[in-house]
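Counted the way UniProt numbering counts, the sequence shown spans residues 1 to 241. Report on one structure; see the data block that follows.
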Amino acid sequence: MTGALRGVVALDGPSGTGKTTVARKLAAKLGAGYLDTGAMYRVVTLAVLDAGVDPHDTDAVVALARSVRLDVATDPGRPEARLDGTDVGEAIRTPRVDAAVSAVSAVPEVRDLLVQRQRTLIEEASRDEGGIVVDGRDIGTVVAPDAPLKVFLTAAPEVRAARRGAQDTAAGRESNQATVLASVERRDRLDSSRAASPLRPADDAVEFDTSELSIEQVLVALTELAGTRGLLGEDVAEPCR
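Printed below as a string of structure tokens:
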């Protein structure tokens, strides 16, 4: 039995740190909602690419972002992402989207649009579920700056590239370690240097280096942190795995 989450846990960090897996598992463990904000930017990016729009054409990207219907679920057991009603959960995790998502997510108007949506989803999940775990790159700094627990996950680039490569292989996608490492380092540079909501830890975030930690070890540490912050309420049964 584990205490149910009461409040918002903001989980930030670059790709390959395990934050999406950790966030989803933590939400399930604590009977909370779950929001993958990165998936939202990926859905918009997929829409841009499918429409033949140049990801660097800001005006066209913004117009498209405003016109598409983007839906994401906050159930950690079924974290669906839909574009105009179509499930795009697999399509948004391809190298094609990886290469363009930083350009699309750097557009301030796109970020403003999605941040508003994210805050609404957080408010709804907090009301209905009691708590929510949110992962992304600007949750603690922009989306939910008042979150009572902010965590920033890091890991060595080589470790993150190996993890991303393993994910690609498991999903049946071709993977080359050198190419994946270059992609990870490029994404780090772009996300950390963009003018709008750059990737960085919040001033009051707890930083975790996951290079040598298992998912379970990170989960234990975050659960303990939530407890010390007074965010765990009545006990809930942990889901079967």
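No residue lacks a Cβ here, since even glycine has one placed at the ideal position from N, Cα and C.
Worksheet item: From what residue to what residue does the beta strand (DSSP E) around glycine 136 run?
Response: Segment 131-136, the beta strand (DSSP E) holding glycine 136.
Worksheet item: Which residues does DSSP pair with glycine 206 in a beta bridge?
Response: First, the amino acid is wrong: residue 206 is valine here, not glycine. Per the DSSP secondary-structure output, valine 206 pairs in a beta bridge with Val151.
Worksheet entry | Which of helix, strand or coil DSSP assigns to alanine 195 | In the three-state DSSP reduction, alanine 195 falls in the coil class, being neither helix nor strand.
Discussion item. With a threshold of 6 Å on Cβ separation, who are the neighbours of cysteine 240 within its own chain once the five nearest residues in sequence on each side are excluded?
Written reply: Legend: pLDDT at cysteine 240 = 39, less than 50; position of this residue unreliable, no value from coordinates given.
Worksheet item: Between alanine 161 and valine 184, which are expected to be in contact by the criterion C-beta below 8 Å, what is the C-beta distance as a whole number of angstroms?
Response: Rounded to the nearest angstrom, the Cβ distance from alanine 161 to valine 184 is 5 Å, consistent with a contact under 8 Å.
Discussion item. Quick check on leucine 70: does DSSP put it in helix, strand or coil?
Written reply: In the structure shown, leucine 70 sits in a strand (DSSP, three-state: E or B).
Worksheet item: So, helix, strand or coil for threonine 58, using DSSP?
Response: Threonine 58 falls in the helix class under three-state DSSP.
Practice prompt. Grab me the residues of valine 97's own chain with a C-beta within less than 6 Å of its C-beta, minus the 5 sequence neighbours each way, in chain order.
Written response: Arg42, Thr45 and Leu46.
Practice prompt. State the Cα-Cα distance for the pair serine 105 and glutamate 216, rounded to the nearest angstrom.
Written response: So the alpha carbons of these two residues sit roughly 30 Å apart.
Worksheet item: With burial defined as no fewer than 16 other Cβ atoms inside 10 Å of the residue's Cβ, what is the status of valine 218: buried or exposed?
Response: By the Cβ neighbour-count rule, valine 218 is buried, with 16 or more other Cβ atoms within 10 Å of its own.
Discussion item. Assuming alanine 155 and serine 211 are in contact, meaning their beta carbons sit under 8 Å apart, how far apart are those beta carbons, in whole angstroms?
Written reply: Distance from alanine 155 to serine 211 at the Cβ level is roughly 4 Å; contact confirmed, criterion being Cβ atoms closer than 8 Å.
Discussion item. Would glycine 140 and alanine 195 be called neighbours here (beta carbons separated by less than 8 Å)?
Written reply: Not in contact: glycine 140 and alanine 195 (Cβ atoms no closer than 8 Å).
Item to complete: Please name the residue, chosen from Ala65, Arg69 and Thr94, that lies closest to threonine 169 on a Cα-to-Cα basis.
Response: Closest in alpha carbon position to threonine 169, among Ala65, Arg69 and Thr94, is Thr94.
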